[in-house]
Amino acid sequence: GNSVTQMEGPVTLSEEAFLTINCTYTATGYPSLFWYVQYPGEGLQLLLKATKADDKGSNKGFEATYRKETTSFHLEKGSVQVSDSAVYFCALSDRGSQGNLIFGKGTKLSVKP
Amino acid sequence: DTAVSQTPKYLVTQMGNDKSIKCEQNLGHDTMYWYKQDSKKFLKIMFSYNNKELIINETVPNRFSPKSPDKAHLNLHINSLELGDSAVYFCASRNSGGNTGELFFGEGSRLTVL
Chain A
4 GNSVTQMEGP VTLSEEAFLT INCTYTATGY PSLFWYVQYP GEGLQLLLKA
54 TKADDKGSNK GFEATYRKET TSFHLEKGSV QVSDSAVYFC ALSDRGSQGN
104 LIFGKGTKLS VKP
Chain B
4 DTAVSQTPKY LVTQMGNDKS IKCEQNLGHD TMYWYKQDSK KFLKIMFSYN
54 NKELIINETV PNRFSPKSPD KAHLNLHINS LELGDSAVYF CASRNSGGNT
104 GELFFGEGSR LTVL
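Top to bottom, those sequences are chains A and B.
Residue numbers for the first sequence follow this note's numbering, so the first one is 4 and each next one is one higher.
Residue numbers for the second sequence follow this note's numbering, so the first one is 4 and each next one is one higher.
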C-alpha cells in the first residue's frame, strides 16, 4: 500500500542553520507530493507541492524536489528562523489512495535564537 | 472569511458523555474529511464524504458517527466518550475535481475526556 516515511524528530537548530527533513514514499503510479506545516495551536497548511518527477516545489525559502529514482521528497531551507518552528508533514496523493492524502508521522522543528 | 471552520475549538467532558463537533467549509469543495491527531502529532484519517456520500470509513469505533447534511458541512458525533478519545480532531476539505489533492484544514477541535 501507499505510505510515507519521514525522519523522526524532534529537530533542534540554531537560527540561520541549514535544514533538511528527509521524506521517502511508496506508491503505485505517479503520486503528487506535498509538504504541510502545522504551527503551534493551528491546523495544517500547505507549504509546497510537486506533481511530477523532477519538479521542485518552493515557498517561504523552503524547497523540495520530487526524485522518482530515489522515491524521495526531502524538505530543505538554507537559513531557518525562529518563526519556522512547527511540525512538518510530508504527504502523497495518488489514484491508489483515491486522490486522498496519506501523511507521514510529522517532524517537529524547534529553532533557537 | 474562514475557509474551513470547526466548532467548538476546545471541548472538555467526562467519560461516558456524548458530544458533537461541527465543521463547515465555504470553499465550494465537494469532499470533506475528519482526521484525528494524537498527542504525538500523528494524523489518522477517520472519515471522508464526497457530495454527502461516505467514501472512507477507516477502522474507527462505531461510537463515532459522521453526518453530512450537505456538501458544505460535516459533523462528527461521538457517543460514550472514552479517555482514549482525547485528541485534536481536524476537519478538512478538497475539490475532488482538482488535480493536486491539496487539502484545506480547519484549526482543529481539542477534545479532552476526563
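Built from N, CA and C at the ideal position, the CB exists for glycine as well.
task: Counting only the same chain and skipping the five closest in sequence on each side, list residues whose C-beta sits under 6 Å from that of Tyr52/B.
output: Met35, Ser71, Leu77
field: Residues that Lys25/B contacts on chain A, provided the C-beta gap is smaller than 9 Å
entry: By Cβ distance, chain A contributes nothing, its closest Cβ being about 15 Å from Lys25/B, past 9 Å.
query: Arg97/B: buried (16+ other C-beta within 10 angstroms of its C-beta) or exposed?
result: Burial call: buried.
Contact set for Glu66/A: own chain, Cβ-Cβ below 8 Å, skip 5 residues either direction: Leu51, Lys59, Gly60, Leu78, Glu79, Lys80
message: Check whether chain A comes within 7 Å of Gly87/B, counting only Cβ atoms and requiring the distance to be less than that.
response: no
message: Against chain E, does Leu46/B count as a neighbour if the rule is that its beta carbon must be under 7 Å from one of theirs?
response: In the structure shown, chain E does not exist; the protein chains are A and B.
- prompt: Thinking just about the alpha-carbon of each residue, which of Lys55/B, His80/B, Asn54/B is nearest to the one in Val63/B?
  reply: His80/B
field: DSSP state of Ser96/B mapped onto helix, strand, coil
entry: In the three-state scheme derived from DSSP, where H, G and I count as helix and E and B as strand, Ser96/B is classed as strand.
query: Do we get a CB-CB distance below 7 Å when we pair Gly109/B with the residues of chain A?
result: yes
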